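Quick notes on the structure that follows.
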Amino acid sequence: MTDTRAANPSITERTRNIDAGGPVVAVHFLNDLAGFVLGEETLVLAESNGETRRVDVHAGAILTSAADDTRIITGGDDGRVLATGADGKSAVLATDAKRRWVDQVAQGPDNAVAWSAGKQVFVKTAKGEDRSFDAPSSPGGLAFAPKGFRLAVSHYNGTSLWFPNAANAKPEFLEWKGSHLGITFSPDGRFLVTAMQEPTLHGWRLVDGRHMRMAGYAAKVRSTSWSNGGKWLATSGADQLVLWPFQGKDGPMGKQPKLLAPADKRVVTVACHPAQDIVAVGYEHGLVLLVRIDDGAEILASKPEGVAVSAMTWNLAGNMLAFGREDGRAAVLRL
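If you use my numbering, the sequence shown closes out at 535, no skipped numbers anywhere.
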(Lines of atoms letter the chains of each structure in order from A; the text may use other names.)
(Lines give C-alpha, C1' and ligand atoms only; values in the text may rest on other atoms or scores of the structure.)
Protein backbone atom coordinates (compact mmCIF):
# COMPACT_ATOMS: atom_id res chain seq x y z
CA MET A 201 0.00 0.00 0.00
CA THR A 202 1.21 3.48 -0.88
CA ASP A 203 -0.56 6.75 -0.28
CA THR A 204 -0.07 7.82 -3.90
CA ARG A 205 -2.54 5.03 -4.84
CA ALA A 206 -0.73 4.85 -8.20
CA ALA A 207 -2.37 1.52 -9.09
CA ASN A 208 -5.89 2.82 -8.42
CA PRO A 209 -8.23 4.12 -11.11
CA SER A 210 -7.73 7.88 -11.33
CA ILE A 211 -9.93 10.83 -12.30
CA THR A 212 -7.41 13.53 -11.38
CA GLU A 213 -7.53 14.84 -14.97
CA ARG A 214 -11.11 15.99 -14.32
CA THR A 215 -9.99 18.36 -11.56
CA ARG A 216 -9.88 22.14 -12.05
CA ASN A 217 -7.34 23.70 -9.70
CA ILE A 218 -8.08 27.01 -7.98
CA ASP A 219 -5.76 29.29 -6.00
CA ALA A 220 -7.99 30.49 -3.17
CA GLY A 221 -5.30 32.82 -1.85
CA GLY A 222 -5.59 31.77 1.79
CA PRO A 223 -6.42 28.84 4.07
CA VAL A 224 -9.74 27.21 3.15
CA VAL A 225 -11.85 26.55 6.25
CA ALA A 226 -15.09 25.44 4.55
CA VAL A 227 -16.65 24.97 1.13
CA HIS A 228 -20.30 25.03 0.04
CA PHE A 229 -22.15 24.65 -3.25
CA LEU A 230 -24.80 27.08 -4.46
CA ASN A 231 -26.19 24.83 -7.19
CA ASP A 232 -23.05 24.39 -9.38
CA LEU A 233 -21.12 27.33 -7.93
CA ALA A 234 -18.47 26.35 -5.37
CA GLY A 235 -18.03 28.84 -2.54
CA PHE A 236 -14.72 28.50 -0.70
CA VAL A 237 -14.70 30.10 2.75
CA LEU A 238 -11.32 31.48 3.77
CA GLY A 239 -10.13 31.98 7.32
CA GLU A 240 -9.90 35.75 6.87
CA GLU A 241 -12.62 38.02 5.47
CA THR A 242 -13.19 36.43 2.07
CA LEU A 243 -15.31 34.01 0.03
CA VAL A 244 -13.96 32.72 -3.27
CA LEU A 245 -16.82 31.92 -5.66
CA ALA A 246 -15.87 29.48 -8.43
CA GLU A 247 -18.31 29.34 -11.34
CA SER A 248 -18.79 26.15 -13.33
CA ASN A 249 -17.49 28.01 -16.43
CA GLY A 250 -14.08 28.49 -14.79
CA GLU A 251 -14.48 32.08 -13.61
CA THR A 252 -13.69 32.95 -9.99
CA ARG A 253 -14.63 35.96 -7.87
CA ARG A 254 -13.39 37.11 -4.49
CA VAL A 255 -15.96 38.63 -2.15
CA ASP A 256 -14.94 40.29 1.12
CA VAL A 257 -17.71 39.65 3.64
CA HIS A 258 -16.25 40.17 7.12
CA ALA A 259 -13.88 42.70 8.67
CA GLY A 260 -11.71 39.99 10.18
CA ALA A 261 -11.77 36.24 10.68
CA ILE A 262 -14.61 34.05 9.41
CA LEU A 263 -15.27 31.69 12.31
CA THR A 264 -18.15 29.57 11.03
CA SER A 265 -20.34 28.94 7.99
CA ALA A 266 -23.34 27.00 6.73
CA ALA A 267 -25.33 26.99 3.49
CA ASP A 268 -28.33 25.88 1.51
CA ASP A 269 -28.60 25.91 -2.30
CA THR A 270 -29.08 29.68 -2.50
CA ARG A 271 -26.83 31.37 0.07
CA ILE A 272 -23.80 30.95 2.29
CA ILE A 273 -24.26 32.00 5.91
CA THR A 274 -21.13 33.19 7.73
CA GLY A 275 -20.29 34.40 11.22
CA GLY A 276 -17.19 36.37 12.10
CA ASP A 277 -15.15 37.95 14.84
CA ASP A 278 -16.68 41.27 13.76
CA GLY A 279 -19.90 40.17 15.50
CA ARG A 280 -21.94 39.90 12.31
CA VAL A 281 -23.97 37.20 10.58
CA LEU A 282 -24.11 37.54 6.80
CA ALA A 283 -25.81 35.78 3.90
CA THR A 284 -24.06 35.78 0.52
CA GLY A 285 -25.73 34.65 -2.70
CA ALA A 286 -24.33 33.25 -5.92
CA ASP A 287 -24.21 36.79 -7.33
CA GLY A 288 -21.67 37.75 -4.67
CA LYS A 289 -24.03 40.16 -2.92
CA SER A 290 -24.10 39.97 0.88
CA ALA A 291 -26.81 40.95 3.35
CA VAL A 292 -26.34 41.45 7.08
CA LEU A 293 -28.75 39.18 8.96
CA ALA A 294 -27.66 40.21 12.44
CA THR A 295 -25.08 42.22 14.35
CA ASP A 296 -24.35 41.21 17.91
CA ALA A 297 -25.22 44.07 20.26
CA LYS A 298 -22.02 43.50 22.24
CA ARG A 299 -19.90 42.84 19.15
CA ARG A 300 -19.05 39.37 20.44
CA TRP A 301 -17.62 36.76 18.12
CA VAL A 302 -20.20 34.74 16.23
CA ASP A 303 -18.87 31.24 16.89
CA GLN A 304 -21.51 29.01 15.30
CA VAL A 305 -24.17 29.26 12.60
CA ALA A 306 -26.72 26.81 11.20
CA GLN A 307 -29.11 26.96 8.26
CA GLY A 308 -32.66 25.86 9.05
CA PRO A 309 -35.93 25.19 7.23
CA ASP A 310 -37.57 27.96 5.18
CA ASN A 311 -34.48 30.20 5.40
CA ALA A 312 -34.38 30.20 9.20
CA VAL A 313 -30.90 30.85 10.59
CA ALA A 314 -29.35 30.13 13.99
CA TRP A 315 -26.16 31.55 15.47
CA SER A 316 -24.38 31.86 18.79
CA ALA A 317 -22.34 34.57 20.52
CA GLY A 318 -20.97 33.91 23.98
CA LYS A 319 -23.48 31.66 25.76
CA GLN A 320 -26.45 33.08 23.87
CA VAL A 321 -28.13 31.25 21.01
CA PHE A 322 -30.26 33.15 18.52
CA VAL A 323 -32.69 32.12 15.79
CA LYS A 324 -34.21 34.25 13.05
CA THR A 325 -37.36 32.42 11.99
CA ALA A 326 -38.80 32.08 8.51
CA LYS A 327 -41.05 35.06 9.34
CA GLY A 328 -38.05 37.17 10.33
CA GLU A 329 -38.82 37.00 14.04
CA ASP A 330 -35.92 36.80 16.50
CA ARG A 331 -35.72 34.21 19.28
CA SER A 332 -32.97 33.54 21.84
CA PHE A 333 -32.03 31.50 24.89
CA ASP A 334 -29.00 31.20 27.14
CA ALA A 335 -27.12 27.91 26.84
CA PRO A 336 -25.43 26.46 29.95
CA SER A 337 -22.03 27.25 28.39
CA SER A 338 -20.62 28.47 25.09
CA PRO A 339 -22.05 26.30 22.29
CA GLY A 340 -19.71 23.94 20.46
CA GLY A 341 -22.13 23.35 17.61
CA LEU A 342 -25.64 24.00 16.27
CA ALA A 343 -27.87 21.75 14.15
CA PHE A 344 -31.48 21.99 13.03
CA ALA A 345 -33.54 18.80 13.14
CA PRO A 346 -34.50 17.39 9.71
CA LYS A 347 -38.18 17.50 10.70
CA GLY A 348 -40.03 20.20 12.58
CA PHE A 349 -38.49 23.41 13.89
CA ARG A 350 -36.08 22.26 16.58
CA LEU A 351 -32.47 23.26 17.21
CA ALA A 352 -29.83 21.11 18.90
CA VAL A 353 -27.10 22.98 20.77
CA SER A 354 -23.98 21.15 21.94
CA HIS A 355 -22.10 22.52 24.95
CA TYR A 356 -20.25 21.43 28.08
CA ASN A 357 -21.75 18.33 29.72
CA GLY A 358 -24.38 17.67 27.08
CA THR A 359 -26.80 18.98 24.51
CA SER A 360 -29.91 21.17 24.63
CA LEU A 361 -32.88 20.62 22.31
CA TRP A 362 -34.76 23.88 21.80
CA PHE A 363 -38.05 24.65 20.06
CA PRO A 364 -37.65 28.35 19.14
CA ASN A 365 -41.36 28.81 18.41
CA ALA A 366 -42.47 27.42 21.77
CA ALA A 367 -42.75 30.55 23.92
CA ASN A 368 -41.11 30.23 27.34
CA ALA A 369 -40.52 26.51 26.80
CA LYS A 370 -37.45 25.21 28.59
CA PRO A 371 -35.04 23.32 26.29
CA GLU A 372 -34.75 19.57 26.79
CA PHE A 373 -31.35 18.64 28.20
CA LEU A 374 -29.44 15.50 27.19
CA GLU A 375 -26.61 14.98 29.64
CA TRP A 376 -23.20 13.42 29.11
CA LYS A 377 -20.15 14.73 30.92
CA GLY A 378 -17.44 16.39 28.87
CA SER A 379 -17.13 19.04 26.20
CA HIS A 380 -19.38 18.50 23.16
CA LEU A 381 -18.39 20.19 19.91
CA GLY A 382 -19.69 19.38 16.40
CA ILE A 383 -23.26 18.09 16.33
CA THR A 384 -25.43 16.34 13.75
CA PHE A 385 -28.87 14.74 13.48
CA SER A 386 -29.33 11.54 11.51
CA PRO A 387 -31.32 12.25 8.31
CA ASP A 388 -34.40 10.52 9.76
CA GLY A 389 -34.14 12.52 13.00
CA ARG A 390 -33.94 9.43 15.23
CA PHE A 391 -30.37 9.94 16.44
CA LEU A 392 -28.24 12.87 17.59
CA VAL A 393 -24.43 12.61 17.57
CA THR A 394 -21.77 14.95 18.94
CA ALA A 395 -18.00 15.03 18.53
CA MET A 396 -16.28 15.30 21.90
CA GLN A 397 -13.21 17.27 22.92
CA GLU A 398 -11.50 13.92 23.43
CA PRO A 399 -11.19 11.51 20.47
CA THR A 400 -14.66 9.99 20.68
CA LEU A 401 -18.24 10.49 19.53
CA HIS A 402 -21.30 10.42 21.75
CA GLY A 403 -24.85 9.90 20.64
CA TRP A 404 -28.43 9.64 21.83
CA ARG A 405 -31.39 7.72 20.52
CA LEU A 406 -33.94 10.47 20.83
CA VAL A 407 -37.04 8.36 21.37
CA ASP A 408 -35.78 7.23 24.78
CA GLY A 409 -32.51 9.13 25.39
CA ARG A 410 -30.41 5.97 25.26
CA HIS A 411 -26.68 6.70 25.07
CA MET A 412 -24.29 5.62 22.33
CA ARG A 413 -20.52 5.81 22.63
CA MET A 414 -18.30 5.56 19.55
CA ALA A 415 -14.64 5.41 20.52
CA GLY A 416 -11.28 4.10 19.31
CA TYR A 417 -10.05 7.17 17.44
CA ALA A 418 -6.45 8.34 17.36
CA ALA A 419 -7.41 12.02 17.12
CA LYS A 420 -10.35 14.34 17.67
CA VAL A 421 -13.18 13.80 15.18
CA ARG A 422 -13.47 17.04 13.22
CA SER A 423 -15.52 15.87 10.24
CA THR A 424 -18.66 13.73 9.96
CA SER A 425 -21.04 13.03 7.08
CA TRP A 426 -24.16 10.89 6.67
CA SER A 427 -24.42 8.51 3.75
CA ASN A 428 -27.40 8.53 1.42
CA GLY A 429 -30.44 7.58 3.49
CA GLY A 430 -28.50 7.76 6.75
CA LYS A 431 -27.34 4.14 6.72
CA TRP A 432 -23.78 5.08 7.69
CA LEU A 433 -22.06 7.90 9.56
CA ALA A 434 -18.65 8.56 7.99
CA THR A 435 -16.03 10.11 10.25
CA SER A 436 -12.47 11.41 10.33
CA GLY A 437 -10.05 10.99 13.23
CA ALA A 438 -8.22 7.76 12.29
CA ASP A 439 -5.72 6.62 9.66
CA GLN A 440 -8.64 5.12 7.74
CA LEU A 441 -12.25 5.91 6.98
CA VAL A 442 -14.48 4.95 9.94
CA LEU A 443 -18.15 4.21 9.16
CA TRP A 444 -20.65 3.60 11.95
CA PRO A 445 -23.80 1.59 11.06
CA PHE A 446 -27.16 3.28 11.65
CA GLN A 447 -29.42 0.94 9.66
CA GLY A 448 -31.27 -0.59 12.63
CA LYS A 449 -33.35 0.83 15.44
CA ASP A 450 -30.38 0.68 17.82
CA GLY A 451 -27.93 2.47 15.54
CA PRO A 452 -24.32 1.47 16.22
CA MET A 453 -24.97 0.11 19.71
CA GLY A 454 -23.27 -3.27 20.07
CA LYS A 455 -21.82 -3.10 16.55
CA GLN A 456 -18.36 -2.54 15.12
CA PRO A 457 -17.62 0.18 12.55
CA LYS A 458 -16.65 -0.55 8.97
CA LEU A 459 -13.03 0.48 8.29
CA LEU A 460 -11.96 1.40 4.74
CA ALA A 461 -9.19 3.19 2.82
CA PRO A 462 -6.28 2.83 5.28
CA ALA A 463 -3.35 5.19 4.76
CA ASP A 464 -0.10 6.35 6.34
CA LYS A 465 -1.74 9.62 7.38
CA ARG A 466 -4.97 10.45 9.16
CA VAL A 467 -8.32 11.17 7.58
CA VAL A 468 -9.21 14.80 8.28
CA THR A 469 -12.35 15.43 6.23
CA VAL A 470 -15.15 13.30 4.80
CA ALA A 471 -18.10 13.99 2.48
CA CYS A 472 -20.71 11.40 1.53
CA HIS A 473 -22.18 11.44 -1.97
CA PRO A 474 -25.81 12.68 -1.89
CA ALA A 475 -27.24 9.73 -3.85
CA GLN A 476 -24.74 6.85 -3.96
CA ASP A 477 -22.91 4.90 -1.25
CA ILE A 478 -19.62 6.65 -1.96
CA VAL A 479 -17.51 8.75 0.41
CA ALA A 480 -14.97 11.39 -0.57
CA VAL A 481 -12.08 11.09 1.90
CA GLY A 482 -9.41 13.75 2.48
CA TYR A 483 -6.19 13.05 4.37
CA GLU A 484 -3.76 15.24 6.30
CA HIS A 485 -1.12 14.94 3.54
CA GLY A 486 -3.54 16.05 0.81
CA LEU A 487 -4.67 12.74 -0.68
CA VAL A 488 -8.31 12.65 -1.82
CA LEU A 489 -10.02 9.33 -2.54
CA LEU A 490 -13.52 8.34 -3.60
CA VAL A 491 -14.37 5.18 -1.65
CA ARG A 492 -17.29 2.84 -2.33
CA ILE A 493 -18.84 1.69 0.93
CA ASP A 494 -20.01 -1.76 -0.23
CA ASP A 495 -16.60 -3.17 -1.19
CA GLY A 496 -14.04 -0.48 -0.32
CA ALA A 497 -13.09 0.15 -3.96
CA GLU A 498 -11.05 3.35 -4.35
CA ILE A 499 -10.69 5.98 -7.07
CA LEU A 500 -7.91 8.56 -6.86
CA ALA A 501 -9.32 12.11 -7.01
CA SER A 502 -6.19 14.05 -5.99
CA LYS A 503 -2.64 13.00 -5.23
CA PRO A 504 -0.98 13.97 -1.94
CA GLU A 505 0.13 17.60 -1.99
CA GLY A 506 1.80 17.59 1.43
CA VAL A 507 -0.89 19.82 2.97
CA ALA A 508 -4.09 18.75 4.74
CA VAL A 509 -7.46 18.74 3.00
CA SER A 510 -9.33 21.16 5.24
CA ALA A 511 -12.78 21.25 3.59
CA MET A 512 -14.79 19.18 1.12
CA THR A 513 -18.36 18.88 -0.15
CA TRP A 514 -20.52 17.58 -3.03
CA ASN A 515 -23.08 19.55 -4.97
CA LEU A 516 -26.67 18.38 -4.62
CA ALA A 517 -26.65 16.64 -8.02
CA GLY A 518 -23.59 14.63 -7.00
CA ASN A 519 -21.61 15.35 -10.17
CA MET A 520 -19.20 17.88 -8.65
CA LEU A 521 -16.86 17.65 -5.65
CA ALA A 522 -15.09 20.71 -4.26
CA PHE A 523 -12.21 20.58 -1.79
CA GLY A 524 -9.69 22.98 -0.32
CA ARG A 525 -6.43 22.75 1.57
CA GLU A 526 -4.86 24.62 4.46
CA ASP A 527 -2.43 26.46 2.15
CA GLY A 528 -5.17 27.81 -0.14
CA ARG A 529 -4.88 25.26 -2.92
CA ALA A 530 -8.41 24.27 -3.90
CA ALA A 531 -10.09 22.32 -6.65
CA VAL A 532 -13.39 21.36 -8.23
CA LEU A 533 -13.74 17.83 -9.59
CA ARG A 534 -16.42 17.19 -12.20
CA LEU A 535 -17.57 13.58 -12.62
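Beta carbons are placed, not taken as given, at the ideal position from N, Cα and C, and that holds for glycine.
The structure displayed is predicted, hence computed values, not measured ones.
Between the alpha carbons of D287 and T252 lies a distance of about 12 Å.
Sorting V488, E498, I499 by C-alpha distance to the C-alpha of E505 places V488 at the top. For Y483, the enclosing beta strand (DSSP E) begins and ends at 478-483. When secondary structure is reduced to three states using DSSP, R350 falls in the coil class, being assigned neither helix nor strand.
Just so you know, the alpha carbons of V323 and A261 end up roughly 22 Å apart. Around the beta carbon of E329, a 10 Å sphere encloses fewer than 16 other beta carbons of the protein chains shown; the residue is thus reported as exposed. Here P457 carries a coil assignment [DSSP, helix/strand/coil]. For K324, the enclosing beta strand (DSSP E) starts and ends at 320-324.
By the CB criterion at 9 Å, G382 and S354 fall inside the cutoff. The count of Cβ pairs closer than 8 Å, one atom from the region 459-478 and one from the region 431-449, reaches three, so the stretches are in contact. Burial is judged here by how many other beta carbons sit within 10 angstroms of a residue's own beta carbon; P209 has fewer than 16 and is exposed.
Bounds of the beta strand (DSSP E) holding H258 are 252-267. Assignment of D527 by DSSP, reduced to helix, strand and coil, places it in the coil class. In chain order, P223, V507, A508, S510 place their CB closer than 6 Å to the CB of E526, counting only its own chain and leaving out the 5 sequence neighbours on each side. Out of T394, S427, A314, the CA that lies nearest to the CA of W362 is found in A314. Taking a contact as a CB-CB distance under 8 Å, the pair T513 and A471 counts as one, their CB atoms being some 5 Å apart. Per DSSP, the beta-bridge partners of V227 are F236. Straight-line measurement puts the Cα of G518 at about 8 Å from the Cα of L535.
Taking 9 Å as the cut-off, the beta carbon of V305 is found no closer than this to the beta carbon of L351. Taking the CA atoms as reference points, P445 sits about 37 Å from A367.
Close CB contacts of A294 within its chain, under the 6 Å cut and outside five residues either way in sequence, are with V281 (chain order). Taken through DSSP and simplified to helix, strand or coil, D303 comes out as strand. When DSSP reads this structure, D330 sits in a beta bridge with K324. A straight line joining the alpha-carbon of G454 with that of N428 spans about 22 Å. For H411, the enclosing beta strand (DSSP E) stretches over residues 410-414.
Remark: C-beta atoms of A283 and P364 do not approach each other more closely than 9 Å. Apart from the 5 residues on each side of it in sequence, V225 sits with its Cβ closer than 6 Å to the Cβ of V237, G239 in its chain, given in chain order. In chain order, D296, R300, V302 place their CB closer than 6 Å to the CB of A317, counting only its own chain and leaving out the 5 sequence neighbours on each side. Our two residues, K370 and S337, have alpha carbons roughly 16 Å apart in a direct line.
Distance from the CA of N217 to the CA of I211, rounded to the nearest whole angstrom, comes to 13 Å. By the criterion of a C-beta distance shorter than 7 Å, A234 is surrounded in its chain by V227, A246, A522, V532, once the five residues flanking it on both sides are discounted. For the pair Y356 and F385, the Cα-to-Cα distance works out to about 18 Å.
Inter-residue distance for L374 and E398 is about 18 Å (C-alpha atoms, whole angstroms).
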